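Encoded as structure tokens, the structure appears first; notes follow it.
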Amino acid sequence: MAALLAARELGAQHFHRYTVMVLNSASKAMNVYLHRELARAVPEEELSQFEREGAGFLKGHEEGLEQGLEQGLERGRAEVYDVLRRSLLDILELRGLTPTGTIRARIQACRDREQLERWYTVAKRATALGEVFGPPRRAARRRRG
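Residue 0 is where the sequence shown starts when you use numbering that gives the first Met the number 0, and the numbers rise one by one after that.
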């Protein structure tokens, strides 16, 4: 920080160049610290927009990276489920087991990776759909009242 303040004596152009160079090469934590200290020690009119807003930019950039990573992970998980579902349907077809509409709907609705993997493991050796998915579910009867 002392070096940045001393650079003010070199004139505005050199001060800004030196400040930008230091801020670009500093760690994230040091960058936040330097921005905070510069804002306290140097009059606002002497700081460039980059120097004033750099810490906010870094924070926003970091949040954007985190959000992008989370979206990428979510997309990746969805793709894994899709691959598991397609693989399960393929193995059933190869085994000569044609899933009913209800079973297809169960497979498509399943968001449990372990369940999809269990079905797949059983389906590799199954000779009947009931071995994989249990006995057929019966529609609930309506009571007349």
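Think of the CB as a built atom: it goes at the ideal place given N, C-alpha and C, for glycine as much as any other residue.
This structure is a prediction, so every number in the text was calculated from the model and none was measured.
Using only CA atoms, which one of the options lies nearest to residue i?
i, options, result
"E61", "T120, K27, I102, R103", "K27"
"R124", "R112, R94, Q107", "R94"
"R112", "V82, M29, G63, V21", "V82"
"C109", "P134, L96, L88", "L88"
"L96", "Q107, L64, A127, T120", "A127"
"V131", "E78, L91, V21", "L91"
"R103", "P135, R76, A77, Q66", "P135"
"P98", "M29, Y80, A122, Q66", "A122"
"T101", "M29, G129, E78", "G129"
Who are the near neighbours of residue i in its chain, counting only those whose CB is closer than 8 Å to its CB and skipping five residues on each side?
i, result
"R84", "I106, Q107, C109, L115"
"V79", "R112"
Less than 8 Å between CB atoms is the rule here; does residue i satisfy it with respect to chain D?
i, result
"I102", "The structure shown contains no chain D, having only a single protein chain."
For residue i, I'd like the list of residues in its chain whose CB is within less than 7 Å of its CB, leaving aside the five on either flank, ordered along the chain.
i, result
"S86", "Y119"
Give a yes or no on contact between the segment 68-76 and the segment 113-122, applying the rule of three or more CB pairs nearer than 8 Å.
-> no
Scan the segment 93-134 and note each continuous beta strand (DSSP E) run of 3 residues or more that stays entirely inside, going in chain order.
-> none
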